[in-house]
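Student:
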Amino acid sequence: AALAQQRWQEELGKKSPQLARVVWLACKRPFIIGGFMLFLRGCGNAFAMPLILKMIIDALVDGDVDATVRYLSFLLLERALGGILEFAGMRFFIGSVPGSMVLTLSTLVADKAATPGVQGFAAAGVDPVSLAGRELTMTYMRVGMAGGRGFIALPTFGAGATALVLLLGPAAFVGTFWVSFTIFLGYFLQGKAKIAEGKMSAVATERLSMLTNVICAIKAIKYSSWEQQFQEVLLGARRRECAFLSLRTRYLSLATTLGKITPVTGSLVTFLTYALLGNDIRASDIFAANSVFMTMRFAVGASAMLQELWRSLQLVLGRTQKLLLLPELPPREILSEKGEVLVKVEDLKVEYLGTAGGDSARFKLVAGPMKLAYSGRLTAICGSVGSGKSTLIHALLGAADGEVLM
Numbered sequence: 007a008a009l010a011q012q013r014w015q016e017e018l019g020k021k022s023p024q025l026a027r028v029v030w031l032a033c034k035r036p037f038i039i040g041g042f043m044l045f046l047r048g049c050g051n052a053f054a055m056p057l058i059l060k061m062i063i064d065a066l067v068d069g070d071v072d073a074t075v076r077y078l079s080f081l082l083l084e085r086a087l088g089g090i091l092e093f094a095g096m097r098f099f100i101g102s103v104p105g106s107m108v109l110t111l112s113t114l115v116a117d118k119a120a121t122p123g124v125q126g127f128a129a130a131g132v133d134p135v136s137l138a139g140r141e142l143t144m145t146y147m148r149v150g151m152a153g154g155r156g157f158i159a160l161p162t163f164g165a166g167a168t169a170l171v172l173l174l175g176p177a178a179f180v181g182t183f184w185v186s187f188t189i190f191l192g193y194f195l196q197g198k199a200k201i202a203e204g205k206m207s208a209v210a211t212e213r214l215s216m217l218t219n220v221i222c223a224i225k226a227i228k229y230s231s232w233e234q235q236f237q238e239v240l241l242g243a244r245r246r247e248c249a250f251l252s253l254r255t256r257y258l259s260l261a262t263t264l265g266k267i268t269p270v271t272g273s274l275v276t277f278l279t280y281a282l283l284g285n286d287i288r289a290s291d292i293f294a295a296n297s298v299f300m301t302m303r304f305a306v307g308a309s310a311m312l313q314e315l316w317r318s319l320q321l322v323l324g325r326t327q328k329l330l331l332l333p334e335l336p337p338r339e340i341l342s343e344k345g346e347v348l349v350k351v352e353d354l355k356v357e358y359l360g361t362a363g364g365d366s367a368r369f370k371l372v373a374g375p376m377k378l379a380y381s382g383r384l385t386a387i388c389g390s391v392g393s394g395k396s397t398l399i400h401a402l403l404g405a406a407d408g409e410v411l412m
């Protein structure tokens with residue numbers, strides 16, 4: 007925590023401070039080491055395994071038992087080494103990167119929120135409690151799962167494309183192009199979903215702001231007089247929020263479906279091209295190529311997932327930096343003596359008919375000679391429900407007999 011604060015103070019001394027640099031310094035070592043391990047695991051999934059599978063099936067078809075056993079031992083060794091790499095990489099990556107990032111951001115947010123004289127959180131569109139509690143928690147989970155899976159999945163595209171070329175020759179370029187197309191289409195759908203999510207978040211913030219105004223309003227006890235109007239505005243905001251949520255869900259569903267059908271469609275167009283080029287299709291080619299397409303499917307899903315993660319990180323880092331760069335207001339001078347009298351009352355009287363238990367009752371408020379407010383000081387009007395706090399405010403504004411000097 008202390009190191010995070012020190013790095014941010016050093017960043018503030020630069021011409022253009024960037025919170026992303028502070029977060030990167032906290033996460034850099036486990037990110038590189040864990041990411042490299044997971045990258046190697048992804049390459050093994052899409053390149054080594056399909057080629058070994060092809061050799062095993064060819065050996066089986068030829069009846070070469072010794073070669074089959076030898077290639078099976080290679081496959082088991084590749085699977086074992088890949089499993090060790092994945093376990094170590096995920097443990098290193100998920101165990102360190104998200105925690106370091108969230109610890110850095112939450113420390114800076116808490117430190118800023120506790121700074122005397124900092125105001126304007128609402129104007130900046132940043133709620134420190136919501137940011138540290140909800141957004142950073144979601145980012146923690148996304149970075150751990152999406153980041154770890156992404157390092158395994160993304161290399162499968164390049165390694166898988168290389169394996170396909172070795173297996174099928176020029177026909178492999180058709181399948182590679184098809185997978186590339188689905189990846190870019192997934193990017194597009196995820197981008198649309200993120201835009202809808204941003205609009206939904208903006209409407210949700212508007213709705214929560216309405217509720218906050220009601221809860222915090224001085225005249226909340228008078229809620230019934232404008233309840234209907236408030237309900238209409240609130241329901242309108244909720245309808246818009248649900249519409250954007252529905253739109254986001256549709257885009258994400260399309261992206262997910264696209265990722266699931268990619269192996270089947272990619273395999274079909276590739277082998278159709280392979281056959282049209284006059285090649286004989288063998289069982290080993292089909293088996294090995296299909297395993298490549300199955301691993302490349304993860305690249306389709308992970309690319310869209312990583313794009314969403316990147317945009318979420320940009321949003322969180324941008325909002326957090328906006329909070330951290332809020333100017334601190336100069337502290338107000340604490341007056342040892344009472345300042346100038348701002349509100350003075352002389353024989354203020356308010357009297358009106360009300361109801362109590364269904365019977366008419368006379369309410370009377372009398373405020374004798376007194377001084378209510380001084381410059382440089384805050385004045386609170388306290389009392390139980392019905393004691394006349396709101397009535398006194400109305401009286402000060404002129405709805406009473408007597409003299410008020412403001």
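In terms of this note's numbering, the sequence shown has 60 at position 54, counting the first letter as 1, and numbering is strictly consecutive.
Beta carbons: idealized from backbone N, C-alpha and C, even for Gly.
A quick note: this is a predicted structure, and the numbers were derived from the prediction, not measured.
#1: Between the C-alpha atoms of residue 385 and residue 260, what's the straight-line distance to the nearest angstrom?
#2: Tell me the rounded alpha-carbon separation between residue 161 and residue 155.
#3: Within this structure, are the beta carbons of residue 92 and residue 158 separated by less than 8 angstroms?
#4: Run through DSSP, which three-state label would residue 407 get?
#5: Measuring only the C-alpha atoms, how far is residue 396 from residue 407?
#6: Helix, strand or coil: how does DSSP classify residue 357 here?
#7: Is the number of C-beta pairs between the stretch 242-255 and the stretch 205-219 that are closer than 8 angstroms three or more?
#8: Three-state secondary structure (DSSP) at residue 377?
#9: Answer yes or no: does any C-beta atom of chain C fall closer than 8 angstroms to that of residue 409?
#10: How long is the line joining the alpha carbons of residue 46 and residue 311, rounded to whole angstroms?
#11: Please report the straight-line C-alpha distance between residue 394 and residue 120, rounded to a whole angstrom.
#12: Compute the beta-carbon to beta-carbon distance between residue 318 and residue 64, rounded to the nearest angstrom, for a pair I have assumed lies under 8 angstroms.
#13: Rounded to whole angstroms, what's the CA-CA distance from residue 94 to residue 235? Just pull it up for me.
#14: What residues in its chain sit with their C-beta under 8 angstroms from that of residue 24, if we drop five residues either side in the sequence?
#15: Residues in its own chain within less than 8 angstroms of residue 275 by CB, not counting five upstream and five downstream?
#16: Looking at the unbroken alpha helix (DSSP H) that takes in residue 98, where does it start and where does it end?
#17: Tell whether a beta-carbon distance below 8 angstroms holds between residue 49 and residue 165.
#18: Which stretch, first to last residue, makes up the alpha helix (DSSP H) that contains residue 67?
#19: Can you tell me which residues form a DSSP beta bridge with residue 314?
#20: Could you tell me which residues DSSP pairs with residue 349 in its beta bridges?
#21: Check whether the stretch 103-116 touches the stretch 29-38, taking contact to mean three or more Cβ pairs, one atom from each stretch, closer than 8 angstroms.
#22: Among residues of its own chain, excluding the 5 on either side of residue 375, which ones have a beta-carbon nearer than 6 angstroms to its beta-carbon?
#23: Would you grab the beta carbon distance between residue 99 and residue 41 for me? Rounded to a whole angstrom, and I think it's under 8 angstroms.
Tutor: Quick look at the numbers:
#1: Each residue's alpha carbon lies about 58 angstroms from the other.
#2: 11 angstroms
#3: Yes, these two residues count as a Cβ contact at 8 angstroms.
#4: strand
#5: 16 angstroms
#6: strand
#7: yes
#8: strand
#9: Of the protein chains in this structure there is only one, and it is not chain C.
#10: 20 angstroms
#11: 35 angstroms
#12: Actually they do not touch by this definition, with Cβ atoms about 46 angstroms apart.
#13: About 58 angstroms.
#14: 17, 327
#15: The residues are 180, 181, 184.
#16: Counting along the chain, the alpha helix (DSSP H) containing residue 98 begins and ends at 71-119.
#17: Yes.
#18: 55-68
#19: Paired residue(s): none; residue 314 is not in a bridge.
#20: According to DSSP, residue 349 bridges with 379.
#21: By the Cβ criterion, the stretch 103-116 is in contact with the stretch 29-38, since at least three pairs of Cβ atoms, one from each stretch, lie closer than 8 angstroms.
#22: 352
#23: About 6 angstroms separates the Cβ atoms of residue 99 and residue 41, confirming a contact at the 8 angstroms cut-off.
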